[in-house]
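Scroll down for the structure; my scribbles are underneath it.
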Ligand SMILES: Cc1cc2nc3c(=O)[nH]c(=O)nc-3n(C[C@H](O)[C@H](O)[C@H](O)COP(=O)(O)O)c2cc1C
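In this note's numbering, the protein residues as written are 205 to 345.
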């Protein structure tokens, strides 16, 4: 049976002019909005690509995703998985950021597995979700 939490996972290409301070600005506005709307999730930025997982009530997730699709700081969005789950994976984070989230001893292996999965043509949703589960498991904060 499907659970009550709407979960959406997408990947996109960052605009070439994007800087680290843009990412901080994205995180700041994302965290503010998401905490007001009970949206949680994880944002990853690797090699010019974003990977983002949203979790929450359907209306909040859909509204947030819709808004983000119009954001000029990225494009070529591909939805990798959209499903309903029993429990949030990132319940403690209004929007976790991969680089800040995981403990340094776990980071190298997690990012190398994730880089491979993000580059793969098949974008295997089960592989990517299982890596994200490891990110949640190895969270340091
Ligand atoms: C990769 C990426 C991820 C984002 N994630 C979120 C998010 O989780 N929640 C959110 O409210 N806005 C997020 N944003 C920002 C929105 O696109 C938007 O700029 C922001 O919500 C402010 O909306 P407004 O410009 O319509 O006021 C993200 C933007 C980008 C490029």
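Glycine included, every Cβ here is placed at the ideal spot set by N, Cα and C.
Computed from a predicted model, the values in this text were never measured in an experiment.
Point to revise | DSSP bridge partner residues for residue 216 (one or two, in chain order) | key: As a first step, residue 216 must be located in the chain shown, where it is residue number 12. Bridge partners of residue 216: 254.
Review point. CB-CB under 6 Å to residue 302, same chain, minus the five flanking residues each way: which ones, in chain order?
Key: Within the chain shown, numbered from 1, the residue matching residue 302 stands at position 98. If we look at residue 302 and ignore the five residues flanking it on each side, its Cβ neighbours are 248.
Review point. Which runs of the alpha helix (DSSP H) spanning at least 4 residues fall entirely within the region 260–323, listed in chain order?
Key: 262–273, 302–305, 308–323
Check your understanding: Is there contact here, the region 269–278 with the region 304–316, by at least three beta-carbon pairs under 8 Å?
Key -> no
Check your understanding: Does the distance from the CB of residue 279 to the CB of residue 217 come in under 7 Å?
Key -> If you number the chain shown from 1, residue 279 lands on position 75. If you number the chain shown from 1, residue 217 lands on position 13. Yes.
Practice item. Note down, in chain order, each residue of its chain lying with its Cβ closer than 8 Å to the Cβ of residue 276, except the 5 sequence neighbours on either side. Key: In the chain shown, the residue the question calls residue 276 occupies position 72. These residues qualify, in order along the chain: 219.
Check your understanding: Going by Cα to Cα distance, which pick from 259, 226, 255, 227 is closest to residue 239?
Key -> Here residue 239 refers to the residue found at position 35 of the chain shown. For the residues 259, 226, 255, 227, the minimum Cα distance to residue 239 belongs to 259.
Practice item. Check whether the Cβ of residue 317 sits closer than 6 Å to any heavy atom of ligand 1, and report yes or no. Key: Residue mapping note: residue 317 aligns to position 113 of the chain shown, counting from 1. Outside the cutoff, so no.
**Study point:** Under the three-state DSSP convention, the category residue 343 falls into
**Key:** By one-based count along the chain shown, residue 343 stands at place 139. Strand, per DSSP.
Check your understanding: Does the distance from the CB of residue 344 to the CB of residue 307 come in under 7 Å?
Key -> Translated into the one-based positions of the chain shown, residue 344 becomes position 140. Translated into the one-based positions of the chain shown, residue 307 becomes position 103. Yes, the Cβ-Cβ distance between residue 344 and residue 307 is below 7 Å.
**Study point:** Check: residue 232 C-beta below 6 Å from any heavy atom of ligand 3
**Key:** Ligand 3 is not among the ligands present in this structure, which contains only ligand 1.
Practice item. Could you pull out every residue in the same chain whose Cβ sits closer than 6 Å to the Cβ of residue 329, ignoring the five residues on either side in sequence? Key: Reading the chain shown from its first residue, position 125 is the one you call residue 329. For residue 329, where only same-chain residues beyond five positions count, the Cβ hits under 6 Å are 284, 285.
Check your understanding: Can the beta-carbon of residue 347 be found closer than 7 Å to that of residue 245?
Key -> The question about residue 347 has no answer, for the chain in this structure spans 205 to 345.
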